[in-house]
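Chemist: Pasting a structure here, questions to come.
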Amino acid sequence: MMKIAVIGAGTMGNGIAHVFAQQGYTTNLIDIASESLEKGLATIGKNLDRMIAKETITEADKDLTLSNITTFTVLSEGVKDVQLVIEAATENTDLKLKIFTDLDQLCPPDTILATNTSSISITQIAAATNRADKVIGMHFMNPVPIMKLVEVIRGYSTSDSVTTTVMELSKKLGKTPTEVNDYPGFVANRILMPMINEAIETLHHKVAGVIEIDTVMKLGMAHPMGPLQLADFIGLDVCLSILNVMFNGFKNPKYAPSPLLVNMVMAGKLGVKSGEGFYDYSTSKKAEVVSQQFS
0 MMKIAVIGAG
10 TMGNGIAHVF
20 AQQGYTTNLI
30 DIASESLEKG
40 LATIGKNLDR
50 MIAKETITEA
60 DKDLTLSNIT
70 TFTVLSEGVK
80 DVQLVIEAAT
90 ENTDLKLKIF
100 TDLDQLCPPD
110 TILATNTSSI
120 SITQIAAATN
130 RADKVIGMHF
140 MNPVPIMKLV
150 EVIRGYSTSD
160 SVTTTVMELS
170 KKLGKTPTEV
180 NDYPGFVANR
190 ILMPMINEAI
200 ETLHHKVAGV
210 IEIDTVMKLG
220 MAHPMGPLQL
230 ADFIGLDVCL
240 SILNVMFNGF
250 KNPKYAPSPL
260 LVNMVMAGKL
270 GVKSGEGFYD
280 YSTSKKAEVV
290 SQQFS
């Protein structure tokens, strides 16, 4: 398996393309917006420059990695002769179902179709195709070039051979694949999102402030990043979407999103991506200044 297509040039998509290209795979990066592709390539270049500065790769390695990436704005052209497609589009069920319906028609019959979804059912996505046995989840963590984990999610019909192929491929990328089954939130977000949601509720009920909550979890639980800072980093809209998927999937009130989270998303306070969430990022991408509404 040497030719890969990645759909979506955003944070996750360009990170996934980066790691495949760096390991020598011919990588097609696909996005409907040429501006997104340009931005994605620029991000990959900057991340490679950081690696050069740390002396983990050379300039020649950077040039080779970038030469392995070809960009496309037309889906049919980008996937026509690949062995694996990884979809990393927006976390929207209808959009993903449409993409996979199209992929099923456009890709060779043996092509494995993977999704980087962080919460949406693999089985539901697979049902939009005529190759449910070849549909699987590859949930990379952000930032992709650094984080080692890949959650490999088996849908109801995913075959053993496809699972084995994806597990072995993940290892070749230098990742640690972990096989899980298809339930809302999988493992990572089923555990992480209720913690983030509870931290938001703790703030909402004025038990403690933003910095105090994050400090307790960083120093008391040895988390590298507090839950409110992490929520800002992930994107509050993404957190809300995942919680809604789990709430709808389990019908359990413990997954119901905090009203504060809902209000912040409606107000456009999405975290780092919007410049403000629980912290203010107008002058720095670091979580150093608490948002005025919580200070």
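Here the sequence shown stands for residues 0 to 294, where the numbers follow numbering that gives the first Met the number 0. We put the CB at the ideal spot given by N, CA and C, even for glycine. Small disclaimer: the values here were computed from a predicted structure and weren't measured.
1) For D109, which residues from the same chain have a beta carbon less than 7 Å from its beta carbon, with the 5 sequence-adjacent residues on both sides left out?
2) Who are the near neighbours of T92 in its chain, counting only those whose CB is closer than 6 Å to its CB and skipping five residues on each side?
3) Determine, using beta-carbon pairs with one atom in the region 242 to 251 and one in the region 217 to 228, whether at least three such pairs fall under 8 Å.
4) Which residues does DSSP pair with F139 in a beta bridge?
5) Pull up the CB-CB distance for T122 and D181, whole angstroms please, since I reckon it's below 8 Å.
6) Buried or exposed: which applies to H138, given that a residue is buried once 16 or more other Cβ atoms fall within 10 Å of its Cβ?
7) Give the straight-line distance between the Cα atoms of P183 and M194, rounded to the nearest whole angstrom.
8) With burial defined as no fewer than 16 other Cβ atoms inside 10 Å of the residue's Cβ, what is the status of A266: buried or exposed?
9) Three-state secondary structure (DSSP) at F71?
10) Nearest to E287 by CA position, among A255, L65, T214, is which residue?
11) Nearest by alpha-carbon distance to T177: which of H203, Y155, G208, I135 is it?
12) Classify G276: buried if its beta carbon has 16 or more other beta carbons within 10 angstroms, exposed otherwise.
13) Under 8 Å between the Cβ atoms of L105 and K133?
14) Would DSSP call Y182 helix, strand or coil?
15) Roughly how many angstroms lie between the CA atoms of V264 and L202, to the nearest whole one?
16) Taking three-plus beta-carbon pairs below 8 Å as touching, is the region 48 to 66 in contact with the region 80 to 97?
17) Measure the alpha-carbon distance for L14 versus P258 and round it to whole angstroms.
18) Using 8 Å as the threshold, is the C-beta distance between L235 and L269 below it?
19) List the endpoints of the continuous alpha helix (DSSP H) containing T214.
Modeler: From the atom records:
1) Excluding residues within five positions, none has a Cβ falling inside 7 Å.
2) Exclusion of the five residues before and after T92 leaves I119 as the residues of its chain whose Cβ lies within less than 6 Å of its Cβ.
3) Two segments are said to touch when three or more pairs of C-beta atoms, one from each, lie closer than 8 Å; by this definition the region 242 to 251 does not touch the region 217 to 228.
4) In DSSP, F139 forms a bridge with V149.
5) Contact check for T122 and D181: beta-carbon distance about 5 Å, within the 8 Å limit, so the pair qualifies.
6) The residue is buried, with at least 16 neighbouring Cβ atoms inside 10 Å.
7) Going by the C-alpha atoms only, they are around 16 Å apart.
8) Answer is exposed; the Cβ neighbour count stays below 16.
9) Collapsing the DSSP output to three states places F71 in a strand.
10) Closest in alpha carbon position to E287, among A255, L65, T214, is T214.
11) Here the closest residue by C-alpha is I135.
12) Classification of G276: buried, given that the 10 Å Cβ count is 16 or more.
13) Between L105 and K133, the C-beta spacing is not below 8 Å.
14) In this structure, Y182 counts as coil in the three-state DSSP scheme.
15) Rounded to the nearest whole angstrom, the C-alpha separation of V264 and L202 is 16 Å.
16) Contact between the region 48 to 66 and the region 80 to 97 is absent, because fewer than three Cβ pairs lie under 8 Å.
17) Note that residue 14 is Gly in the sequence shown, not Leu. Distance between the alpha carbons of G14 and P258: 32 Å.
18) It is a contact, given that the beta carbons lie within the stated cut-off.
19) From DSSP, the alpha helix (DSSP H) with T214 extends over 209 to 220.
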